[in-house]
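Report on the structure given below.
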Amino acid sequence: MNYFKRKTISSDTLLLNPLKRTLRLRDLTSMGIAAIVGAGIYGTIGNASAQGGPAVTLLFVFTAIACLLSALCYAEFASLSPEAGSAYHYAYISFGELIAWIIGWDLVMEYSIGNIAVAISWSDYFTSFLEGLNIKIPLYLTMDYFTASRASMLDLNVLVGSEKIAAEAWASAPNLQGIKIVMDLPAFLINVLITAIVYIGIKESKSINNLLVLFKLIIILLIIVVGFFYVSPSLWIPFAPNGFSGIMTGASAVFFAYIGFDALATTSEECINPKRDLPKAMFWALAICTILYVLVTLILTGMVPFYLLNVGDPLALVFHHHGLNFLSGIIGLSAIISLATVLLVFQLGQPRIWMSMSRDGLLPPIFSSIHQKFKTPWFSTIVTGIVVGLPVLFLNLTEVTDLCSIGTLFAFTLVCAGILVKRPLDNENNGFKVPYINGRFLIPIIGLGILISHLFYWDFLVFDHFTYSNIPSIIYLVIVIVFAIISFTKQLSSIPVLGIYINLYLMSELGITNWIRFGVWLLIGLIFYFGYSRHHSKLNTNS
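For the sequence shown, this note's numbering assigns the number 300 to the initial residue and increments by one for each residue that follows.
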């Protein structure tokens, strides 16, 4: 059996399992904005500004350019082979089945944990919004079971903040046969609602998303316009109070605010003109969101001193500081809508990845079953709702949310690498192509700079200072050197290699614990592959 046999670009799967083509450029752009402008503009942007000062605007621009490197590679694949499956499908046509399975299994984790985290965050904003209207949901219905259980073991008299609230929730929760009834009900209900919308159809999903995104943009523009009149330019001086290191402190968090554009690739088969519209939508979404992030950051750092912004709700803080309390409710409502649109787009993506894997025989056939009326992957959509809905009731995934980040970066890395592999194999793509910039000298120079900068700051090369936590960074430097050598000898395209450099660097910063968890997840996936998928693979079975 050939584990690295590649799928051909042409495929009859679209004819066998037709989806409803209804997405145009504006719909795809709206979905991109929906996925990117989420919690980042209501929370992450404050923490990053508190570290970097007004200069954090440059970080958003740099991050957008970094994401653009991966987006260019996604756009070429989307134009070349517009099938659902995103990075999984792209890996199948460039690296072969085993690598495709690994990235598909990775995407299952990425989307599931990401959706769970978004649902929990939405619940927090929704509960706070209702409290502002004097509507109080019982505490035991607003948080997960295990957080409340752990807090109940502590002394209530010395607890403060969220731990005290969790302990009070446990104390007030009703008993059912000796079991405390504690669950995050709002998170579960929003998941049910979004799953129902996605199940009914892509047309209904896009209409609701377009409406919510329009409302979200109007509120953000209102915040920018009103805030402009309260900006004091003197607060922008010094522009970078903590220097370059302060700016880069929020690099990982800011990067993750942009990664939603990859969900667009999963809707390829529902686009009217995917080869033209998907690449444009990715670029438009990145450009619009970058402008919004930069403007909001300038408003925040111009309304209050930057060091005050290290809070969970920076937008509410700055307007409250100027006595504009009436905007707090509007901001809270906007946050609820923003997170709902993020959840909607990612709940659309997960079922289509499963559908694509099922078509290839790597998952049971029912995962690719299409609803006769709604033309959606109905079973995959229901399973997605269950996979997200049950954990949000009882679990707090704070400790493993970085798995979503490492999974996304891994997908980005393979898509960038896929461009390097695909180029010699296929030159028939008459759609969008990543511009070729000869990396023979550029990549080695950049690689040398990365190597010197790491060695200058590290002391772990001294034996006494070496720890296992340094292993991801060592692996990263080895890969940088390898690509520098190959780029010099093979004249690789610079853009995909730079995308690999950036994505792997951010992965190396996530810590050895996340790498171990990620490795365990992939190992479980390989067990499933060798136990089921390889025996049912249509590509290998047919050959």
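Note that CB positions come from ideal geometry on N, CA and C, so glycine has one too.
Test item: CB-CB of residue i and residue j under 7 Å
| i | j | result |
| --- | --- | --- |
| I635 | L614 | no |
| N490 | A333 | no |
| S260 | I736 | The chain is shown only over 300 to 842; residue 260 falls outside these bounds and no answer can be derived. |
| I480 | A470 | no |
| F487 | G688 | yes |
| A468 | L516 | no |
| G738 | L791 | yes |
| S556 | Y373 | A quick correction: the sequence has Ala, not Ser, at residue 556. Cβ atoms of A556 and Y373: not closer than 7 Å. |
Best match in the options for proximity to residue i [C-alpha to C-alpha]
| i | options | result |
| --- | --- | --- |
| P573 | F731, R833, I778 and T343 | F731 |
| Y800 | A466, L747, S768 and P734 | L747 |
| I493 | L616, T640 and S531 | T640 |
| G331 | A450, T840, S704 and V512 | V512 |
| I652 | A347, I335, S411 and L453 | S411 |
| S637 | V682, L510, L585 and A710 | L510 |
| A539 | D576, E808, W469 and P604 | P604 |
| D483 | S420, S380 and S531 | S420 |
| A354 | R658, A370 and T596 | T596 |
| I744 | P734, A783, A710 and A390 | A783 |
| S378 | S506, C570, S504 and T548 | C570 |
| K672 | M442, K319, R323 and T565 | K319 |
| L358 | Y373, E375 and M547 | M547 |
| G810 | P771, F428 and S836 | P771 |
| H620 | A466, P485 and L607 | L607 |
| I518 | N839, L632, T812 and F645 | L632 |
| K674 | K837, I773, K502 and S832 | K502 |
| T441 | I587, P485 and F361 | P485 |
| H753 | E808, G628, S668 and T600 | E808 |
Status (buried if at least 16 other CB within 10 Å, exposed otherwise) for residue i
| i | result |
| --- | --- |
| P650 | buried |
| G352 | buried |
| K435 | exposed |
| P317 | exposed |
| F414 | As written in the sequence, residue 414 is Asn, which differs from the Phe given in the question. Buried, because 16 or more other Cβ atoms sit within 10 Å of the Cβ of N414. |
| G477 | exposed |
| N624 | exposed |
| A550 | buried |
| T589 | buried |
| L475 | exposed |
| N433 | exposed |
| E430 | exposed |
| P734 | exposed |
| H388 | buried |
| N695 | buried |
| V781 | exposed |
| S393 | buried |
| A584 | buried |
| S329 | buried |
| L661 | buried |
| F303 | exposed |
| I665 | exposed |
| R325 | exposed |
| G798 | buried |
Where residue i falls: helix, strand or coil (DSSP)
| i | result |
| --- | --- |
| V761 | Annotation note: pLDDT 44 at V761 (below 50); position unreliable, coordinate value reported separately. In this structure, V761 counts as coil in the three-state DSSP scheme. |
| N474 | strand |
| T548 | coil |
| N737 | strand |
| L322 | strand |
| T307 | coil |
| T675 | coil |
| S792 | strand |
| D612 | coil |
| K463 | helix |
| D483 | strand |
| L825 | helix |
| S836 | coil |
| So does the stretch 398-407 actually touch the stretch 808-824, counting three or more Cβ pairs closer than 8 Å? | yes
| task | Give a yes or no on contact between the stretch 359-368 and the stretch 555-566, applying the rule of three or more CB pairs nearer than 8 Å. | result | yes
| said: Pairs of beta-carbons, one from the stretch 703-717 and one from the stretch 809-820, closer than 8 Å: are there three or more? | reply: yes
| request: Could you say if the stretch 339-347 and the stretch 525-534 meet the contact criterion of at least three C-beta pairs nearer than 8 Å? | output: no
| Three or more beta-carbon pairs under 8 Å between the stretch 711-723 and the stretch 368-378, yes or no? | yes
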